[in-house]
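Below: one structure, written as structure tokens.
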Amino acid sequence: MLVSRRPCSAVVDLDQTEWSLLQAEIARVASGLRPLFQPDQCNCAFLMNVDAQVHLHGIPRDAAARTWRGRELTDANWGRPFGTDQVALPSGDLAALAADLRAILTESV
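Counted from 1, the sequence shown has number 160 at position 92 by the numbering used here; the numbering is strictly sequential.
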């Protein structure tokens, strides 16, 4: 997830500099997700229904199951918008994912 550094509740209120920085960060995160998941697609979604602070989710999407750290991950909604059946990773796996992504992104700096 990418979060605006300044308080901002509407995507349309981002200025040109913020849009440029966001575009660069989206590319950076997508390139970090590739070696971890080899996604068929990486969706970017502003899902601000619960938290109005501008933030964007980078979501790897897969036509077939993928394995990450011994866990099989499937995308039951491949080819369709997000469904209601997403399953969050357990907190330990989320921490491991953050560490893996951070290590990849640190190497690319």
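Virtual Cβ for every residue (Gly too), placed ideally from N, Cα, C. Predicted, not measured: the structure shown is a model, and the values here were computed from it.
- Distance check between L141 and each of A166, L101 and D130 places D130 closest, using alpha-carbon atoms only.
- Of F105, D119, A98 and Q121, the smallest CA-CA separation from C112 is found for A98.
- Between G100 and L165, the C-beta spacing is not below 8 Å.
- Just measuring C-alpha positions, the residue of L90, E86 and W136 sitting nearest Q106 is W136.
- With contacts defined by Cβ atoms closer than 8 Å, L157 and V122 do not form a contacting pair.
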